[in-house]
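Colleague: Residue numbers (UniProt numbering): 1 to 117.
All C-beta atoms in this analysis are idealised placements derived from N, C-alpha and C, irrespective of residue type, glycine included.
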């Protein structure tokens with residue numbers, strides 16, 4: 001069962017259900033500022049150098065990436081909350097057939113001073 005704040009948020013923005021589903025799969029989240037600031041989530045895959053990130057700046061301003069070896073970009077999607085949450089849900093695990101693994105040649109870092117060790 002979800003808490004009252006989660007139920008309220010899901011009623012207000014039903015597309016957040018996809019983000020909430022990521023949380024149930026082990027994603028961790030932090031807000032970079034109090035109130036309605038940027039929300040950053042991540043999931044570090046076990047046994048490998050891959051981390052999936054999601055940065056939510058607003059309803060239509062969401063970015064998701066998969067990075068390898070700290071900051072090597074291998075996959076990226078931008079769009080609304082619902083669209084990006086669905087893309088993350090359907091993204092195969094890093095070592096599964098068809099999963100993106102090749103570096104794009106671009107670097108990506110989470111906003112602010114947030115870094116995984």
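Quick one: what does DSSP say residue 12 is sitting in, helix, strand or coil?
Modeller: Within the chain shown, numbered from 1, the residue matching residue 12 stands at position 12. Correct three-state label for residue 12: helix.
Colleague: Kindly identify the DSSP beta-bridge partner or partners of residue 57.
Modeller: Within the chain shown, the letter at position 57 stands for residue 57. For residue 57, which the question treats as bridged, DSSP gives no partner whatsoever.
Colleague: Kindly confirm or deny that the segment 23 to 32 and the segment 94 to 108 touch, where touching means at least three C-beta pairs closer than 8 Å.
Modeller: Touching, no.
Colleague: Do residue 59 and residue 33 count as a contact pair if the criterion is CB distance below 8 Å?
Modeller: In the chain shown, counting from the first residue as 1, residue 33 sits at position 33. In the chain shown, counting from the first residue as 1, residue 59 sits at position 59. No, these two residues do not count as a Cβ contact at 8 Å.
Colleague: Kindly indicate which residue of 99, 85, 109 has the alpha-carbon position closest to the one of residue 13.
Modeller: What you label residue 13 is simply residue 13 of the chain shown in a count that begins at 1. When only C-alpha atoms are compared, the closest one is 85.
Colleague: Are residue 52 and residue 102 closer than 8 Å when you measure CB to CB?
Modeller: Within the chain shown, residue 52 is the residue found at index 52, counting from 1. Within the chain shown, residue 102 is the residue found at index 102, counting from 1. Going by C-beta atoms, residue 52 is not nearer than 8 Å to residue 102.
Colleague: Are the beta-carbon atoms belonging to residue 83 and residue 75 less than 8 Å from one another?
Modeller: Start at 1 with the first residue of the chain shown, and residue 83 comes out as number 83. Start at 1 with the first residue of the chain shown, and residue 75 comes out as number 75. No, these two residues do not count as a Cβ contact at 8 Å.
Colleague: With a threshold of 8 Å on Cβ separation, who are the neighbours of residue 110 within its own chain once the five nearest residues in sequence on each side are excluded?
Modeller: Looking up residue 110 in the chain shown gives position 110. Cβ neighbours of residue 110 beyond the five flanking positions: 40, 42, 53, 55.
Colleague: Comparing C-alpha positions only, which one of 8, 100, 20, 105 sits nearest to residue 72?
Modeller: Here residue 72 is taken as the residue at index 72 of the chain shown, counted from 1. Answer by Cα proximity: 105.
Colleague: Sort 46, 70, 78 by Cα distance to residue 61 and report the nearest one.
Modeller: Taking the chain shown and counting its residues from 1, the one referred to as residue 61 is at position 61. Among 46, 70, 78, the Cα nearest to that of residue 61 is on 78.
Colleague: Would residue 68 pass as a contact of residue 49 if the rule is Cβ separation under 8 Å?
Modeller: By 1-based counting over the chain shown, the position of residue 68 is 68. By 1-based counting over the chain shown, the position of residue 49 is 49. Yes; because the gap between Cβ atoms is below 8 Å, this pair is in contact.
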